[in-house]
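Residue numbers for the sequence shown follow my numbering, so the first one is 24 and each next one is one higher.
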Amino acid sequence: MIGELLERRYRVDATIARGGMSTVYRGLDTRLDRPVAIKVMDPQFATDPAFVARFEMEARSVARLKHPSLVAVYDQGHDGDHAFLVMELVEGGTLRELLRERGPMPPHAVAAVAGPVLDALAVAHRAGLVHRDVKPENILISDSGEVKIADFGLVRAAAAANTTSNSVILGTAAYLSPEQVTTGIADTRSDVYSTGILLFELLTGNPPFSGDTSLSVAYQRINQDVPRPSSFIPGVPAEFDELVAEATHREPDHRFTNAGELSAALRRASTALDLPEYRVPAPRKSAQHESAARFAAQAGAAPALPVVPDPAPTAVVAAAALPPRSGQDDHTAPDGVQHTRMMTGLTPRSAVLDAGTNVGPGGNADVDDAADRYGDTGYGAERRRSRRTTTVWLFVVVAIALAVAFGGWWMGSGRYTAVPPIEGLGQSEATSAIEAAGLSVDIRGQYSDTVPESTVLGTDPVPGSEIVRDGTVALLVSMGRPAVPSLVSGGDRERVEQLLRDHTFVPVDGGDAFSTSVPEGGVAALEPAPGTILPVGSSVSVITSKGSPPVTVPDVAGMSEDEARAAFDAIGITVSSVKEKFSSEVPSGHVIDSDPRIGSTARAGGSATLTVSNAVEVPFLLGRSVDSAREELDRLGLDIKVTQVADTDASLVITQSPNSGNLVKPGSKIRIVSFP
C-alpha cells in the first residue's frame with residue numbers, strides 16, 4: 024500500500040508494524056500537512072458489515088475520550104477494500120520493545136509506566152469503555168518520555184465480525200482474565216486483571232504463566248493464582264506484591280473494580296516507598312524508528328526536478344553587446360555593462376552597413392546581407408539549387424541505409440534489452456533503474472529470515488538476462504519473517520491450511536477445542552496465534568472446533584426480561600424471541616418460563632425463547648370519579664362495567680371487582696358501583 028492515497032487525503036508512506044488483524048503505517052494527512060499513523064484492517068474485516076459497524080462505533084467512542092496518555096484518534100474511514108483508522112503518530116516505540124532492550128524494571132520505573140496507563144484506562148472506564156487487550160504491544164513510549172495506550176475497541180469490533188484471529192479466545196492469551204477465558208465476557212475488572220499481569224511482567228521480565236500453546240496459557244489462570252513477583256526477583260517491595268495479588272484475583276468481585284482504584288493504590292504505594300520521579304526512555308531500536316529511517320532514506324533518494332535555465336540574462340547580454348548607433352549617446356553604466364535600450368523605430372539593414380557597423384563576430388557581413396546589398400546573379404542561384412538537390416538525394420540514400428540497418432538490428436538483437444543490475448539499491452532506486460531500461464516493474468514480496476523487510480532481494484529474471492523491450496521484470500522485495508495469518512470467516516480448513524502454506528508455514532494437527540463461533544470440524548484457532556512472527560517454513564498447529572461447549576440453562580423464572588437476557592448472555596446463549604402468556608402469579612413483563620427449559624443442558628452459541636407474563640394489575644379505583652376510572656382502565660387495556668344511581672360520570676366509585684392488586688388478563692372487565 025506504500026504510496027496509496029486513502030480517501031484522497033491520507034498518503035501511506037512506510038510500514039511500521041504488522042499484526043493479526045491490521046497493519047500500521049506511517050502516513051501524511053495531505054490536507055493538514057501533518058504526519059499520522061494509519062491502522063489498516065485486514066481486507067477480510069473490511070467486507071464484514073458487522074465489523075465495519077462496530078469498528079465505526081468504537082472509533083467514535085474512543086475519539087470522544089480526552090487524555091494525554093490516550094493515543095488520539097483523528098479519523099476513521101473506508102476506502103475500497105480498506106477499513107482504516109487515522110491516529111496520532113507517536114515517535115518512539117512500544118513497551119514490548121523497551122522490555123526486550125532493558126529487561127525487568129525497578130519499582131520507580133514500573134510506577135512511571137503503569138501510572139499514565141491506569142489514568143488513561145480510568146478515563147475510558149468512566150465513559151463506559153473497556154479496552155480488553157492491555158499488553159506491552161499496545162503501550163507506546165514517545166521519544167520525549169510520554170506513555171500512551173492504543174487500540175481501544177478493536178477486539179470488540181473483531182468479535183462482532185465473527186472473523187477474529189482467535190475464535191475461542193478474544194484477546195492476547197498471556198493477559199486474559201479468567202472470565203474472558205471461560206465466558207468471553209469482559210468488564211472494567213478484566214482490564215484491571217490484564218494490568219496486574221502487566222505489572223508482574225514489568226517487575227520480573229516475564230509473564231506469570233507459560234505453556235506449549237496459547238490455550239494452555241489461557242486456561243492455567245482459571246485454577247492458578249498469579250505468584251508474587253518477589254518470589255522471582257528478590258527485592259520487589261511487599262506493596263507491589265499486594266498490588267499484583269489484588270489486581271489479579273481470580274474472582275472479579277475481589278479485585279479493584281476499575282482502573283481508577285488501581286491507580287490510586289499505585290500512588291499510595293509509591294508515596295509509602297518514596298519512589299523518585301522517573302522519565303521513561305523510548306526504545307532505541309523500535310519498528311517506528313526503523314520505519315522513519317526507511318521513509319527518510321526513500322524521500323532523500325527522490326530524483327531532483329530538471330532546472331530550466333532562464334533565457335532573460337542571455338537576451339540582455341546579447342542586446343548589450345551591440346554598439347550604440349552613430350550619433351546616439353553611449354548608455355554604458357558606470358560598472359561597464361551596456362544596458363538594453365528601447366528602439367523607437369526600425370533601422371534599415373543597408374543603413375547599418377553603410378554606417379560601417381560590423382554584424383558578424385569577425386566584423387564581416389554574412390552572405391545574405393551581401394546579396395541584399397549588391398543584388399544576385401543567375402549563376403549563383405543555379406549553383407545553390409544544385410547543392411540543394413545533391414543534399415536531398417544524399418539524405419534519401421542515408422535514410423534508406425539507416426532503415427535497412429535498423430531493421431536488421433531490430434530483427435536480431437534490437438528487440439531485446441538486458442535487465443539492469445540493482446545490487447545495493449533501495450526499492451525506489453531499483454524501480455527507477457528498471458523503468459529507465461524501458462521495462463515495466465512488478466513488485467513481488469518474498470519472505471526471508473535474514474534480509475530486513477522492504478530490502479530488495481533481486482529480480483526475476485536475474486540482472487543481465489535478455490528480455491523483450493517493454494517486458495515486465497519482477498522486483499523481489501523482502502517481507503521479513505512471515506507472520507501467522509488471521510483465520511478466515513467460518514474456519515474453513517482447506518482455506519486456512521492453504522493460507523498457511525502461502526506464508527511458507529507447514530500446517531500440523533493441534534487437537535481440538537470448544538468454540539462458540541466456529542462450527543464443529545472448522546478451524547477454531549492456530550498455535551502460535553495469528554500475528555506471531557516465525558522463521559520461514561515453521562510448523563503451525565491447526566486446532567479443530569468441537570462446536571459450542573455445553574452449558575446449563577439458568578433459572579430465570581420471575582426475572583424481568585432484561586435480567587433474563589443478561590443471564591442467557593452470560594452463558595453464551597442469545598435470546599432470539601419473546602412470547603407473552605397470562606399468569607395470575609407472575610407480574611407483567613416478568614419471565615414465566617424459557618425454551619430450552621430451566622435447568623436443562625444446551626450448547627453455548629445457540630438461541631432461546633422467553634415466555635413473559637402479560638398480566639395486568641388492577642388499579643385502586645375507590646374514591647375516583649367514573650370518568651377518571653374509565654380513563655385509567657382504558658390506558659391499561661381493561662374494560663369497565665358501571666353501576667350507578669345517577670347517570671353522570673362525576674359520581675364517585677364506592678366498590679370495584681376484582682379488587683386492586685389482582686392480576687387479570689388483558690381486556691378483562693372491571694365492575695364498579697358509583698354514588699350518587
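Note that the Cβ used here is the ideal one computed from N, Cα and C, for glycine as well.
Would you identify the three-state DSSP class for residue i, choosing helix, strand or coil?
i, result
"TYR97", "strand"
"GLU274", "coil"
"ASP102", "strand"
"ALA40", "strand"
"ASP532", "strand"
"LEU238", "helix"
"ILE695", "strand"
"LEU88", "coil"
"ALA319", "helix"
"VAL420", "helix"
"ASP52", "strand"
"ILE566", "strand"
"VAL665", "strand"
"VAL687", "strand"
"ARG212", "helix"
Between residue i and the rest of its own chain, which residues show a CB-CB distance below 6 Å, the 5 nearest in sequence each way excluded?
i, result
"PHE591", "VAL598, ALA631"
"MET24", "VAL35"
"SER217", "VAL157, TYR198"
"ALA497", "ASP465, ARG467, ASP483"
"GLN667", "SER674, SER697"
"GLY228", "GLY126, PRO127"
"GLY570", "GLU543"
"LYS62", "SER45, VAL47, LEU108"
"GLU655", "PRO642"
In whole angstroms, what is the alpha-carbon distance linking residue i and residue j?
i, j, result
"GLU458", "ILE490", "13 Å"
"ILE466", "ALA319", "21 Å"
"VAL639", "ASP657", "12 Å"
"VAL140", "GLU300", "16 Å"
"THR495", "ALA209", "52 Å"
"ASP685", "ARG653", "Note that residue 685 is Asn in the sequence shown here, rather than Asp. Computed Cα separation, rounded: 18 Å."
"THR294", "ASN246", "34 Å"
"LEU664", "GLU608", "The displayed chain sequence assigns Lys, not Leu, to residue 664. Roughly 25 Å between the two C-alpha positions."
"THR280", "GLU269", "10 Å"
"SER373", "VAL421", "At SER373, the pLDDT of 38 sits below 50, so the modelled position is not reliable and the matter cannot be decided from this model."
"LEU51", "ARG57", "6 Å"
"MET582", "GLY690", "24 Å"
"LYS688", "LEU661", "8 Å"
"GLU584", "ASN637", "12 Å"
"SER600", "LEU152", "28 Å"
"GLY533", "ASP174", "30 Å"
"PRO475", "PRO260", "42 Å"
"ASP65", "SER509", "9 Å"
"VAL579", "SER314", "55 Å"
"VAL507", "HIS613", "48 Å"
"PRO753", "ASP515", "The requested residue 753 is not part of the displayed model; the chain covers only 24 to 699."
Which one or two residues does DSSP pair with residue i in a beta bridge?
i, result
"LEU28", "ARG34"
"HIS613", "SER583"
"LYS171", "LEU163"
"ARG83", "Beta-bridge pairing links ARG83 to no other residue."
"ASP726", "Because the chain is modelled from 24 through 699, residue 726 falls outside the range shown and cannot be assessed."
"THR46", "ARG41, VAL63"
"GLN679", "ILE695"
"PRO573", "ARG626"
"ILE556", "ALA506"
"VAL546", "THR567"
"ARG57", "ASP52"
Give me, in chain order, the residues of the same chain whose beta-carbon lies closer than 7 Å to that of residue i; leave out the 5 immediate sequence neighbours on both sides.
i, result
"ASP166", "GLU114, GLY115, ALA305"
"THR271", "TYR216, GLY219, ILE220, VAL249"
"THR413", "none"
"LEU88", "VAL146, ALA147, ALA150"
"LEU289", "ALA134, ALA137, GLY138, LEU141, LEU266"
So with Cβ pairs under 8 Å, would you call residue i a contact of chain B?
i, result
"THR632", "No chain B appears in this structure, which consists of one protein chain only."
Looking only at its own chain, which residues have a Cβ that is under 8 Å from the Cβ of residue i, when we skip the five neighbours before and after it?
i, result
"VAL531", "SER562, VAL563, SER564, VAL565"
"THR53", "LEU28, ARG32, TYR33, ARG34"
"ARG504", "TYR470, SER471, ASP472, ILE556, LEU557, PRO558, VAL559"
"ASP358", "Confidence at ASP358 is low in this model, with a pLDDT of 40, below 50, so its placement is unreliable and the value that follows should be read with caution. Excluding positions up to five away in sequence, the list is empty."
Exercise for the section: Can you check the segment 427-511 for any alpha helix (DSSP H) of at least 4 residues that lies completely inside it and give the ranges in chain order? Expected result: 450-459
Problem - beta strand (DSSP E) runs contained entirely in the segment 596-661, provided each spans 3 or more residues - result: 597-604, 614-618, 624-626, 630-636
Handout entry: Entirely enclosed beta strand (DSSP E) segments - the segment 106-134, minimum 3 residues
Key = 115-117
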